[in-house]
Amino acid sequence: MVAWFTRLSARGRAGVIGGAILAVVALVAGIVVATGGDDAEEAVVTTTTSTTEPEITTTTEPETGPVAPLTGLRLADPSAATRPALAVKIDNLDTARESAVPQAGLSKADIVFEEIVEGNITRLVAIFHSQAPGDRVGPVRSARTTDIQILPQFGRTLLAWSGGNDGVTAAVHAAPSIIDMGHDRASSAYTRDSSRKAPHNLYVDAGRIYGLAPDEVTPPEPIFTYRAKGEQVHSSSTSGSGVDITWGGGVASSPVGWTWNPELKLYERYQNGRPHEDESGPIVSQNVVVLVTEYGVSAADTRSPEAHTVGSGDALVFTGGQLVRGRWERPSADVPAKLLAADGTEIRLTPGQTWIELPRAGGAQPR
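Numbering follows the working numbering, with no gaps: position 335 of the sequence shown is 703.
Laid out in structure tokens, this is it:
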């Protein structure tokens, strides 16, 4: 029995079972949902747009002050050190007929998870802490039971989401590590953009969410370790120009690529063969961590895959223009995964943003 299911009340379990029954009925009815660069970088990446071609700019981190737990960089705003992590569930549907791209706020996230949902579409879980993402983050979409395994490693986490079926909603409410800041609980923090098509037009004001947070929340603990300036990536690292990721196929499933830019010392993200941008410009990251993940079926919705992020599996860690092959090990949901090289030693990342990709076995091909 899934751990989160056993913690539900009788009413909550009824919601889960009801959601599963509805999912089966929907299926029967035919509803389809639808090389170099060993030095650790000291730059805090921001992105800007111009009227012609998007540009990537950088600013330097402060020389003193507290270090952000989720990036390893010094905080530009020291007051951010005491606030909790904010997780926002962000839409990533990207087809010619219907799209959530460009998103808003991703450039300010410390960590972004990419998980598989129905139809082998992916959805993003953006974790904000060191930077304030502003009053427009999204498009915000519904949660999945995968998120209930992901979020406990950040302590008590604020979750911005658009809702879910009865089973998912019951599971979120039963999770002790999640503080529900969804549309139903904090509607004043959400707005609809009339220029975009629903449901890809719901945005959240992060400042308002932080203002609604309970007083007893605490900041997240680090989930990675970071190498110092001048420190080698790892003794087993090899040159790695990037990675190509597929999610299982399907008309709405969007292949992803990450390519190392040696001049910027950043990985640039591509989706469906083109640069992936949010409203601030190109999406880039200092680290791309690929955790090969087993998926099962969610007890809350039989149409929905559930990533098993507690356990172990193969890992591909791209950092500083290098690739380190190894394993991830995560014994329980309240602790982060350890990234271990083949010799059992820990893999350290470059200070900065990290994208965590969760493909199935065979879905990631290093270049």
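Every residue, glycine too, gets a C-beta built ideally from N, C-alpha and C.
On a predicted model such as this, the values are computed, not experimentally measured, just so you know.
Exposure of residue i, with buried meaning 16 or more beta-carbon neighbours within 10 Å
i: P699; result: exposed
i: R560; result: exposed
i: P630; result: exposed
i: T432; result: exposed
i: V619; result: exposed
i: R642; result: exposed
i: P501; result: buried
i: Q733; result: exposed
i: A464; result: exposed
i: D583; result: exposed
i: V400; result: Note on V400: pLDDT 37, under 50, position unreliable in the model; no value is reported.
i: E725; result: buried
i: S562; result: exposed
i: P588; result: buried
i: S672; result: buried
i: E597; result: Looking at the sequence itself, residue 597 is Lys, so the reference to Glu does not match. Exposed.
i: A397; result: Below a pLDDT of 50, predicted positions are generally treated as unreliable, and A397, at 37, falls in that range; no measurement from the model is reported.
i: E466; result: exposed
Bridge partner(s) assigned by DSSP for residue i
i: Y594; result: L717
i: P673; result: V665
i: A710; result: According to DSSP, A710 bridges with nothing at all.
i: N655; result: T687, T722
i: A566; result: Note: A566 sits in no beta bridge, so no partner.
i: G649; result: D646
i: D462; result: S467
i: A554; result: According to DSSP, A554 bridges with nothing at all.
i: E482; result: L492, E725
i: A472; result: G506
i: R740; result: No answer is possible for residue 740: it lies beyond the span of the chain, which begins at 369 and ends at 735.
i: V692; result: V685
i: V572; result: V505, Y558
8 angstroms contact criterion, which residue i and residue j should meet: CB distance rounded
i: T655; j: L717; result: It should be noted that the sequence gives Asn, not Thr, for residue 655. The pair is a contact, with the Cβ atoms about 5 angstroms apart (cut-off 8 angstroms).
i: G694; j: A709; result: 4 angstroms
i: A668; j: T490; result: Going by Cβ atoms, the distance from A668 to T490 rounds to 19 angstroms, so no, they are not a contact pair.
i: G740; j: A453; result: Because residue 740 is not part of the residues shown, which for the chain are 369 to 735, the question remains open.
i: L461; j: H551; result: In fact, because the Cβ distance is near 18 angstroms, the residues do not count as touching under 8 angstroms.
i: E662; j: H676; result: 5 angstroms
i: V685; j: A701; result: In fact, because the Cβ distance is near 21 angstroms, the residues do not count as touching under 8 angstroms.
i: Q639; j: A477; result: With 8 angstroms as the limit, Q639 and A477 do not qualify as a contact, their Cβ atoms being about 16 angstroms apart.
i: A574; j: F496; result: 6 angstroms
i: I577; j: L526; result: 6 angstroms
i: G664; j: I484; result: Wrong, their Cβ atoms sit about 11 angstroms apart, outside the cutoff.
i: S723; j: S653; result: Note on identity: in this sequence residue 723 is Trp, with Ser being the wrong assignment. That pair is a contact at about 5 angstroms.
i: G506; j: Q471; result: 7 angstroms
Where residue i falls: helix, strand or coil (DSSP)
i: I577; result: helix
i: L519; result: helix
i: S467; result: strand
i: K457; result: strand
i: T450; result: helix
i: S607; result: strand
i: E697; result: strand
i: G506; result: strand
i: G487; result: helix
i: A397; result: Below a pLDDT of 50, predicted positions are generally treated as unreliable, and A397, at 37, falls in that range; no measurement from the model is reported.
i: I389; result: Note that I389 has pLDDT 41, beneath the 50 cutoff, so the model's placement of it is unreliable and the number below is only indicative. Three-state DSSP puts I389 in a helix.
Residue span of the beta strand (DSSP E) that contains residue i, given as start and end
i: V585; result: Here V585 belongs to no beta strand (DSSP E), and DSSP marks it neither H nor E.
i: A528; result: 525 to 528
i: A494; result: 490 to 496
i: V611; result: 610 to 613
i: A732; result: 732 to 734
i: G625; result: 624 to 629
i: D548; result: 546 to 548
i: Q639; result: 634 to 639
i: V703; result: Run containing V703: none; DSSP gives neither H nor E here.
i: R560; result: 558 to 560
For residue i, the first and last residue of its enclosing alpha helix (DSSP H)
i: T347; result: In the structure as shown, the chain begins at 369 and stops at 735. Residue 347 is therefore absent and cannot be evaluated.
i: D534; result: 534 to 542
Distance cut-off 7 angstroms: residue i Cβ against heavy atoms of the ligand HEM
i: L570; result: Absent from the structure shown: the ligand HEM. Ligands present: none.
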